[in-house]
Amino acid sequence: MLSEASKQAIRDAYGQMMEAKGLSPRWGQRQMIAEIANALAQVDRDDSEHSPHCVIEAGTGTGKTIAYAVAAIPLAQSLGKTLVISTATIALQEQLVHKDLPDIRRHSGLSFEFVLAKGRRRYVCLSRLDKLLGVSEEDPLIPLYPDELDAGRISNALPVYEAMVDALGRGEWDGDRDNWAGELTDELWLTATTDHSGCSGRRCPNVGQCSFFKARDALQSVDVIVTNHDLVLSDLALGGGAILSDPASTIYVFDEGHHLPAKALNHFSAFCRLGSTIQWLEDSRDQVVQLASAAGEQPEFARPLEQLQPLLDDAGQVLERVQQWLPGLPDMPLPSDSMDRSHLRFAGGQLPEVLIEEAASLSRSFGAIQERLQRIHDRLEDAMDGELSGLDQSDAESWLVVIGAMVSRAEGNYALWSDYASALPDAIASGERKPQVISESPVARWINVSAAGGQIGYELRSSPVLAAEILQEHLWPVAAGVVATSATMTALNSFERFILHAGVPRTARFKVVPSPFDHQRALLHIPDMDADPSDAEAHTQSLIEHLPIWLDSEEGSLVLFASRRQLNDVYAAMPGEWCSRILMQGDYSKQEILRLHREAIDAGRGSVIFGLASFAEGVDLPGDYCRHVLIAKIPFAVPDSPLEASLSEWVEQQGRNAFMEITVPDAALRLVQACGRLLRSEQDSGRVTICDRRLLTRRYGRALLEALPPFRRDLG
Numbered sequence: 002m003l004s005e006a007s008k009q010a011i012r013d014a015y016g017q018m019m020e021a022k023g024l025s026p027r028w029g030q031r032q033m034i035a036e037i038a039n040a041l042a043q044v045d046r047d048d049s050e051h052s053p054h055c056v057i058e059a060g061t062g063t064g065k066t067i068a069y070a071v072a073a074i075p076l077a078q079s080l081g082k083t084l085v086i087s088t089a090t091i092a093l094q095e096q097l098v099h100k101d102l103p104d105i106r107r108h109s110g111l112s113f114e115f116v117l118a119k120g121r122r123r124y125v126c127l128s129r130l131d132k133l134l135g136v137s138e139e140d141p142l143i144p145l146y147p148d149e150l151d152a153g154r155i156s157n158a159l160p161v162y163e164a165m166v167d168a169l170g171r172g173e174w175d176g177d178r179d180n181w182a183g184e185l186t187d188e189l190w191l192t193a194t195t196d197h198s199g200c201s202g203r204r205c206p207n208v209g210q211c212s213f214f215k216a217r218d219a220l221q222s223v224d225v226i227v228t229n230h231d232l233v234l235s236d237l238a239l240g241g242g243a244i245l246s247d248p249a250s251t252i253y254v255f256d257e258g259h260h261l262p263a264k265a266l267n268h269f270s271a272f273c274r275l276g277s278t279i280q281w282l283e284d285s286r287d288q289v290v291q292l293a294s295a296a297g298e299q300p301e302f303a304r305p306l307e308q309l310q311p312l313l314d315d316a317g318q319v320l321e322r323v324q325q326w327l328p329g330l331p332d333m334p335l336p337s338d339s340m341d342r343s344h345l346r347f348a349g350g351q352l353p354e355v356l357i358e359e360a361a362s363l364s365r366s367f368g369a370i371q372e373r374l375q376r377i378h379d380r381l382e383d384a385m386d387g388e389l390s391g392l393d394q395s396d397a398e399s400w401l402v403v404i405g406a407m408v409s410r411a412e413g414n415y416a417l418w419s420d421y422a423s424a425l426p427d428a429i430a431s432g433e434r435k436p437q438v439i440s441e442s443p444v445a446r447w448i449n450v451s452a453a454g455g456q457i458g459y460e461l462r463s464s465p466v467l468a469a470e471i472l473q474e475h476l477w478p479v480a481a482g483v484v485a486t487s488a489t490m491t492a493l494n495s496f497e498r499f500i501l502h503a504g505v506p507r508t509a510r511f512k513v514v515p516s517p518f519d520h521q522r523a524l525l526h527i528p529d530m531d532a533d534p535s536d537a538e539a540h541t542q543s544l545i546e547h548l549p550i551w552l553d554s555e556e557g558s559l560v561l562f563a564s565r566r567q568l569n570d571v572y573a574a575m576p577g578e579w580c581s582r583i584l585m586q587g588d589y590s591k592q593e594i595l596r597l598h599r600e601a602i603d604a605g606r607g608s609v610i611f612g613l614a615s616f617a618e619g620v621d622l623p624g625d626y627c628r629h630v631l632i633a634k635i636p637f638a639v640p641d642s643p644l645e646a647s648l649s650e651w652v653e654q655q656g657r658n659a660f661m662e663i664t665v666p667d668a669a670l671r672l673v674q675a676c677g678r679l680l681r682s683e684q685d686s687g688r689v690t691i692c693d694r695r696l697l698t699r700r701y702g703r704a705l706l707e708a709l710p711p712f713r714r715d716l717g
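Each residue of the sequence shown is one higher than the last, beginning at 2 in this note's numbering.
Dropping the structure here:
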């Protein structure tokens, strides 16, 4: 139960917020506040029937940021917890930091401090700058950073690095890439920054001036941390508390929460690019030889470095052998230069016996490589702490960065090959180590094949197809409390899809808060077409004939396609007078397309955006910027996606209907997201056209139709 003091604090904050901004309390906001407060009331309580988690679908216009802020901030403060607000997109993250939270603090009466948390890659590395500006031809070692030699080839790189050092010294720059006044290409920036594996941490001699650690230290003294799903999951993968606050002392709010499962899969998958890994092993051997020579008479370094050399050679030889016979695997695609990428998925995650045998060998090799590298890394840390004599601290730091990067790469390869070796029971000869990335089932395994410059490249991948077990281990049981919210948490009017993918405890609270917008201001139209999308060619031809009739050349429209091919074919056949009005995805960046579109509408001209899935979510075009959303067809998932195919296969093996349980709910969510591009404010109006009669003629179509917002309907 909520204490009276907590209830009053929330009521006061919300009331002051509404009064100060001259707003009327919204029923949906109040519902959302109540759900969050009642869920978080379970924090630190041992209640098997109610967990301190909630999942809330808050329709567009609910004002969910105010709702979760005024509920979670005072409760987190009273419980002595840190509030972490996580988003899936940079745009929402920036809106929270620069607009929403300052506004809430100003008008709600709540007193709290907040900060934006970013990963290491967003901050300059002083040690790297020192190296880049002090590289000498007399240096006996291979460049300690893999891209160090490239720095000299980047146009005007050294003057920029000198300017960075100068700006840092004068206190005019905080080392954050986003706050650098000049232009920075990715190539130039990545040479001047580092990641976890290349950072010597608190042992670095520059730690007192380190931009990343200054930012990280600031996290310890704030009430609210704003970050992104990727950084939260990186922290959880490291055990929690490595970057952000300790999960047991943290209440998480995942805004845009429907992205959480997919983000989790990205962090717990494994891959190996054969060509680049073979080259890395060769380069690593050269580095190890030079480091062993430099180690001289220090056996704690020289001996394990010498032991590494044959291990690196053996792993490289096996990988070369795998690369040679991969093209002969049954059904292996052989793309030409004109084909960007294809793949071979292994049904049921089961691999050919020859690949399992080689994977077992590689698992043992990379396990041994990782073990010896970690041993060297630990001894280098001792040297930096002054616990070893005979090694200069500066040399120890440089070596630590090199070895740290090698450890990280070896861990990634070990994870992939250990999983491949476990594709059949007892396939790994050595059972001493447990792969870190693989859940019990199901697991997708596949090989991406690409062609460039006459060379064929192979990327072997492995991933769980559901994030449920990952999050059940790393998030739900360890966090003090979790709130997951977005406008699309349900599919087919049910939370079952999100529960399946995210593993949310069923003891959590689940709530749908409808949008306050009047959906009767919009019309849903399903036109009478003579072609069904199951006949792709005929459907495309029908779109070509009808689009100039359905679209108004004087208004703002968004046309969403499910495939690049259909988008290109329709655009190529549009009448000439339409071409000047159409902005096509791929011709410009997404932000530039939106800018040009708004510019045209502001000037009184019509404008039409032709886009794919990325324009069906997170695009905000209120009022005249979008009066018509036209959806070419039901957005079913790409049928040959390895993850989608593996999940469907697993469901079918259990005697269930994968199409109805997986494919249709996924399409329902995407369709609702696409329709959500129309009404962005209470004054908006317009129409949604879905050019797919299967919504009316198929049983699943009726289910999809009933899951859409309650627009007025013209069903042809």
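We put the beta carbon where it would ideally sit given N, CA and C, even for glycine.
Three-state class that DSSP yields for residue i in the structure shown
| i | result |
| --- | --- |
| W28 | helix |
| H526 | strand |
| E50 | coil |
| A509 | coil |
| Q586 | strand |
| D177 | strand |
| L345 | strand |
| R171 | coil |
| Q456 | strand |
| G717 | coil |
| I663 | helix |
| P465 | strand |
| R724 | Lying before the first or after the last residue shown, residue 724 is absent from the chain, which here runs from 2 to 717. |
| N414 | helix |
| D685 | coil |
| N229 | strand |
| A445 | strand |
| T698 | helix |
| C55 | strand |
Environment of residue i [buried if 16+ CB atoms lie within 10 Å]
| i | result |
| --- | --- |
| V639 | exposed |
| E707 | exposed |
| T186 | exposed |
| R380 | buried |
| H99 | exposed |
| S222 | exposed |
| D332 | exposed |
| M18 | buried |
| G135 | exposed |
Contacts around residue i, its chain only, beta-carbon distance under 7 Å, and the 5 residues preceding and following it disregarded
| i | result |
| --- | --- |
| G413 | A271 |
| Y701 | M661 and V665 |
| R694 | I527, M530 and D533 |
| D47 | none |
| D196 | R121 and R122 |
| P75 | S7, A10, I11, A14 and L111 |
| S212 | Y124, V125, D175, G176 and D177 |
Residue closest to residue i, alpha-carbon to alpha-carbon, out of the options
| i | options | result |
| --- | --- | --- |
| D621 | F562, I632 and G557 | G557 |
| K512 | L309, I226 and Q30 | Q30 |
| T228 | R121, E173, V290 and W281 | R121 |
| A361 | A523, G64, G241 and A424 | A424 |
| K22 | I86, T61 and S109 | S109 |
| A384 | E50, Q299 and P636 | Q299 |
| S608 | Y626, S615 and S487 | Y626 |
| A70 | T90, H344 and I226 | I226 |
| D1 | F496, P549 and Q567 | With the chain covering only 2 through 717, there is no way to say anything about residue 1. |
| R671 | A89, Q210 and A617 | A617 |
Neighbourhood of residue i by C-beta, 6 Å cutoff - its chain only, sequence neighbours within 5 removed
| i | result |
| --- | --- |
| F347 | R446 |
| L356 | none |
| I439 | Because the pLDDT at I439 is just 38, under 50, the model does not fix this residue reliably, and the value given afterwards should be weighed accordingly. For I439, where only same-chain residues beyond five positions count, the Cβ hits under 6 Å are D420. |
Close-in-space but distant-in-sequence residues of the same chain around residue i (CB under 8 Å, 5 per side omitted)
| i | result |
| --- | --- |
| A92 | G619 |
| V324 | It is Gln, not Val, that sits at residue 324 in the sequence shown. If we look at Q324 and ignore the five residues flanking it on each side, its Cβ neighbours are L275, G276, I279 and Y459. |
Counting beta carbon pairs with one atom in the segment 203-212 and one in the segment 220-240, are three or more of them shorter than 8 Å? no
So does the segment 253-268 actually touch the segment 101-118, counting three or more Cβ pairs closer than 8 Å? no
contact_flag[the segment 479-487, the segment 283-299] where n(CB pairs < 8 Å) is 3 or more: no
If you pair each beta-carbon of the segment 301-315 with each one of the segment 365-376, do three or more pairs fall below 8 Å? yes
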